[in-house]
Amino acid sequence: MKKIGVGILLSGWLLTTHAIAQDAGWANQVDNKPENSQQELGDETVPVALDAGWINHFDGTADNYQIKRGDKTVPVALFTVLQVGDEISVNHMQHPIELSLRGGTQPVVVTHKNSPFVVERDSQVPAERDKLWTWIKPRFSDWQKLTQSVRSAEDSEAVDKQPKKTPKLIMPLLENVKGPARLVAGKRPLHLQWYGGESPYGVVVYQRRNRLLNESNLLVQALDTKKIITFKARKSYRVMLFGAKGQFMGGFRVVDPKRMPSYPEVSPDANLPDDLRLTLQVTWLVMQEKGRWIFEAYQQVAPLTNYRPAQLLKEALARGVDRKILRDRGIRG
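Numbering of the sequence shown is given in numbering that gives the first Met the number 0, commencing with residue 0 and proceeding in unit increments.
Spelled out as structure tokens, the structure:
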């Protein structure tokens, strides 16, 4: 009688990953080291990608640069997250690229001379910035989604960077598709932007029968008032926009400041530049409550005229946000 030995091969993969409290606030984190961790595979220890920082600025087009991550190429864009081992190359000597490594504490400028530049392990996000990084990283992703259409138009070097031309005068900021636009009460200027129609334009703002603002002979499709207006809580305001061809009527509701989601607090020790911090906070606000705070977010980002990421976000909000992008992260997300 033949004995046939049957070997049974048992293979098991034990994969341990750190849970990331991506939608939590500063003080309620599940893990202090969400990215800079390790995975266990059987008896082996396999390193996980180590985050280092992000692309902070470049003045060329994406084609002027290349980022290699292993055998893959990473798209070049503002706020792209960089990892240890990434190789950044500059293909044009007139267009350097600025990086923020070590979680934003190590500025690096890559030029044609020091290209290719490799992100070393000592440039990874340090442990003391884990909590900050856990909140910042999703904001970069949200910002890129919100500004994708605007950046795509610029990358293609389109002559007309506005949305497709339309004879209809529109103001997406006040279309109020999902409910009335919201503005926080207080004494403040008003920022508006629109598309279509023909100049000259005129803007009138009413609170009931009281005319609070009357601007005429505007040649551009935006208004940034120098006048400080007192917006009262629990009051509704009507905006009339006129052009040489067509008109638009919209409005917004003013709410008590306590009703606006509170920004996650950024410690002064984080040493984030004010323009970056404000842009990321506004990005966070846009994503709250399924976009109900877009009009308020636009008001806050509009004054950051010298910071490119802020202006790209401003333009994206003015054109109208794709509702598929919006999701309810909750107050602490």
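We put the CB at the ideal spot given by N, CA and C, even for glycine.
Per DSSP, what kind of secondary structure is residue i in: helix, strand or coil?
i	result
Ala232	coil
Thr72	strand
Gly290	helix
Tyr408	Given a span of 0 to 332 for the chain in the structure shown, any question on residue 408 remains unanswerable.
Lys67	strand
Ala243	coil
Leu352	Here the chain has residues from 0 to 332 only, and residue 352 is not among them.
Arg322	coil
Leu316	helix
Val81	Looking at the sequence itself, residue 81 is Leu, so the reference to Val does not match. It is a strand residue.
Could you check which residue in the options has the C-alpha nearest to that of residue i?
i	options	result
Val227	Tyr262, Leu218, Tyr205 and Lys186	Going by the sequence as given, residue 227 is Ile instead of Val. Of Tyr262, Leu218, Tyr205 and Lys186, the residue nearest in Cα terms is Lys186.
Gly196	Glu214, Leu218 and Asn209	Leu218
Lys289	Gln105, Lys67 and Arg181	Arg181
Trp244	Phe230, Leu222 and Pro166	The identity of residue 244 in the sequence shown is Lys, whereas the question assumes Trp. Of the listed residues, the one whose Cα sits closest to Lys244 is Pro166.
Asn209	Phe230, Leu189, Ser198 and Tyr200	Phe230
Tyr200	Leu211, Met170 and Asp141	Met170
Asn90	Gly69, Asp70, Ser114 and Gly103	Ser114
Val83	Leu77, Ile66 and Arg291	Ile66
Thr304	Asp223, Asp268, Phe139 and Leu325	Asp223
Leu189	Gln298, Thr72, Asp268 and Ala51	Gln298
Gly250	Gly103, Leu279 and Tyr205	Tyr205
Ser261	Gly242, Arg252 and Val281	Val281
By the 10 Å Cβ neighbour count, where 16 or more other Cβ atoms means buried, how is residue i classified, buried or exposed?
i	result
Gly178	exposed
Gly41	Caution applies to Gly41, whose pLDDT of 38 falls short of 50 and renders its modelled position unreliable; the model cannot decide the point.
Val45	Note on Val45: pLDDT 36, under 50, position unreliable in the model; the coordinate value appears next. Exposed, because fewer than 16 other Cβ atoms sit within 10 Å of the Cβ of Val45.
Leu240	buried
Val295	The sequence shown places Glu at residue 295, not Val. The residue in question, Glu295, is buried, as its Cβ has 16 or more Cβ neighbours within 10 Å.
Ser122	buried
Ser99	buried
Lys112	exposed
Gln143	buried
Arg322	exposed
Gly69	exposed
Lys313	buried
Gln287	buried
Complete runs of the beta strand (DSSP E) confined to the stretch 83 to 137 [at least 3 residues]: 86 to 89, 96 to 100 and 105 to 109
Is the stretch 57 to 68 touching the stretch 78 to 98, taking contact as three or more C-beta pairs under 8 Å? yes
Just to confirm the assignment: which complete beta strand (DSSP E) runs, minimum length 3, are found wholly within the stretch 174 to 233? 180 to 183, 185 to 187, 190 to 192, 200 to 206, 209 to 217, 221 to 223 and 228 to 230
Is it true that the stretch 267 to 283 meets the stretch 302 to 309, where meeting means three or more beta-carbon pairs spaced less than 8 Å apart? Result yes; three or more Cβ-Cβ pairs closer than 8 Å.
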